[in-house]
Amino acid sequence: MKLSVIGLGKLGACTAACFAAKGFPVVGVDINKASVEAINQGRAPLYEPGLQELIEAAKDRLKATQDYEEAVRESEISFLIVPTPSREDGHFSDRYLREALGQLSAALKKSGKKYHIFVITSTVSPGTTEESLIPLIESASGKKLNKDFGVAYNPEFIALGSVIRDFLNPDLVLIGESNRFVGDKLEKLYKAVCENKPYIARMSIVSAEITKISLNSYITMKISFANTLANICEKIPGADIDEITRALGADKRISPYYLKGGLSYGGPCFPRDNRAFAAFAAKYGVDAKLAKTTDEVNRLQVNHLAETVLKQIPESARLVAVLGLAYKPNTCITEESPAVRLIEELLQREVEVITYDPLAMDNARGYFGDRISYASSVKECFSHSSVCVVTTQADEFKAIDRSYIVHNPTIIIDCWRILDPARLGKKVKYIAVGRACDGSHPAGSRILEPAPLQYKALA
Ligand SMILES: NC(=O)c1ccc[n+]([C@@H]2O[C@H](COP(=O)([O-])OP(=O)(O)OC[C@H]3O[C@@H](n4cnc5c(N)ncnc54)[C@H](O)[C@@H]3O)[C@@H](O)[C@H]2O)c1
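Structure representation (structure tokens):
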């Protein structure tokens, strides 16, 4: 099977590299010349753990071009992984998909090829593929669905920072198919590519579109539930969010994933997929109250943290260090990051901010400019400020101990309970999100791992 991947961004570059590394010839296409050149020179066009190594390993089978005709000519299946930004009304825009599909379909017409498969991987609002994209392919190519071309909706369930591991070891492969032939082809492909034995869910295109955003909407609801629980625990001496979620997660009806109580979810997918779920429901006359409230709870969680921080700032020093800017560790992405929203809240209350993140400093500079100060290390943050908020579980932050502490007292607010207060020394007042800050929690607290799973996720 020869493949093409249209859009070599955060997901597309990894998809192309994974297919090629598993033995399939892949042509990548991007309107961004730099990404095309990077792939052709054997360089990763962006940072994602393992991507560079995979591109090197797949060098003979992976190339890139800006020519759609070449992509159609040299592949049987095209995966479209271009941006689908959110519109004002919460739905996803299919503008870039239509542009790419228009070009591909015209190239198909010109090529004289008898058959081609188009796979939509970008996240779309349910109904988009059948209402908007298939008619476009038919009119631009002059061909007929399921006779001259097939279509699938096949989104990926990956997290930035572990895209390659997630892609090669998914719990679920979701295939919405225009007919059985298309689904069979994709099932065969994924059976060859996946390193585990995932559940392969085959269904109609619209069912797959609904499944994709429902899954993310459900996860955000779970995160918001855990965050609410964490807020309650803060009010009750002796209550510990980690002990509680560890026990809850051992029940197979709940499962331990995304149940950690701490800071809001963010990034390019969760917030907008959840809002898109509510917008999709509204389009069909259903008020998706759970999804809307989840979004509200998520926003309030940052306000709650801001209040916690403000209560701790001494009048004499209106400077806070925020450690962590990306929406999670191991990524530079700051889109809808709770740390960014926290900083905005603090700036509004005339609190100065100094910040550090292992990967996201450039993105933060681009966003905040000179409204905040930038440190070059965790230690520099502690040397400037007596109040530090740890917003992500970055490995670099887990190393914080008494040797970092300069000011007496220093207040540390740990959103994910990654620090051991016993190692911080006597100068530190340690406040953990999800625990009462009255000293009732045993010093040198245990950092609990999730309970081992007693069941198979998707049997
Ligand atoms: N990044 C994620 O974590 C993730 C997870 C699941 C789903 N998705 C979905 O995947 C899609 C892509 O996301 P991403 O994060 O990779 O986006 P991205 O912005 O990182 O990359 C998109 C790429 O597409 C290219 N592009 C735009 N128009 C094009 C065109 N007409 N022809 C060829 N290339 C074109 C851009 O230059 C860019 O390189 C989105 O729909 C997103 O919702 C992303």
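FYI, the numbering used here numbers position 19 of the sequence shown as 73, with every residue one higher than the one before it.
Where is the CB? At the ideal position from N, CA and C, for every residue including glycine.
Item	Value
Residue span of the beta strand (DSSP E) that contains Asp-449, given as start and end	That residue, Asp-449, is in no beta strand (DSSP E); its alpha helix (DSSP H) goes 449 to 452.
Strand pairing of Asp-294, partner residues [DSSP]	Arg-489
Among Ser-427, Ile-454 and Ile-426, nearest to Asp-474 - alpha-carbon criterion	Ile-454
Given Val-178 as reference, the closest of Ser-165, Arg-149, Lys-198 and Leu-158 once Cα atoms are compared	Arg-149
Separation of Ala-206 from Ser-261, as counted between CA atoms	11 Å
N-terminal and C-terminal residue of the beta strand (DSSP E) that Thr-527 is part of	Shown here, the chain extends from 55 to 513; a query on residue 527 therefore has no answer.
Stretch-stretch touch, CB-based, cutoff 8 Å, three pairs: the stretch 133 to 148 with the stretch 58 to 78	yes
Cβ neighbour criterion (16 or more within 10 Å) applied to Ala-70	buried
Run of the alpha helix (DSSP H) containing Ile-188, from where it starts to where it stops	188 to 195
Host beta strand (DSSP E) of Tyr-458 (start-end)	Premise fails: Tyr-458 is in no beta strand (DSSP E) and is neither H nor E.
Residues near Leu-228 in its chain [Cβ-Cβ closer than 7 Å; skip 5 each side]	Asn-208, Pro-209, Ala-255, Ala-262, Thr-265 and Lys-266
Nearest to Asn-281 (by Cα), restricted to the options Met-257, Leu-155, Ala-332 and Thr-348	Thr-348
Run of the beta strand (DSSP E) containing Lys-433, from where it starts to where it stops	Run containing Lys-433: none in the beta strand (DSSP E); it sits in the alpha helix (DSSP H), 432 to 438.
Integer Cβ distance of Ala-393 from His-438, believed to fall under 8 Å	So it is not a contact: roughly 17 Å between Cβ atoms.
Leu-199 versus Asn-223, Arg-219 and Ile-171, residue with shortest Cα-Cα distance	Ile-171
Ala-154 CB to nearest heavy atom of ligand 2 below 7 Å	Among the ligands present in this structure, namely ligand 1, ligand 2 is not found.
Test item: CB-CB of Val-351 and Ser-278 under 8 Å	yes
Distance cut-off 7 Å: Pro-322 Cβ against heavy atoms of ligand 1	yes
beta-carbon Lys-117 near ligand 1 non-hydrogen atom, thresh 7 Å	no
Spatial neighbours of Ala-257 in its chain, beta-carbon cut-off 7 Å, leaving aside the 5 residues before and after	Residue 257 is actually Met in this sequence, not Ala. Within the same chain, Met-257 has close Cβ partners Gly-230.
C-beta atoms of Phe-451 and Leu-344 nearer than 8 Å	no
Three-state class that DSSP yields for Lys-56 in the structure shown	coil
Per-residue burial, Ile-501 [other beta carbons within 10 Å of its own, 16 or more giving buried]	For Ile-501, the predicted structure reports a pLDDT of 49, less than 50, and the residue's modelled location is therefore unreliable. A value from the coordinates is still provided. So Ile-501 ends up on the exposed side.
Residue(s) in a DSSP beta bridge with Met-415	According to DSSP, Met-415 bridges with nothing at all.
Reference Glu-110; option with closest CA among Gly-96, Pro-103 and Ala-88	Gly-96
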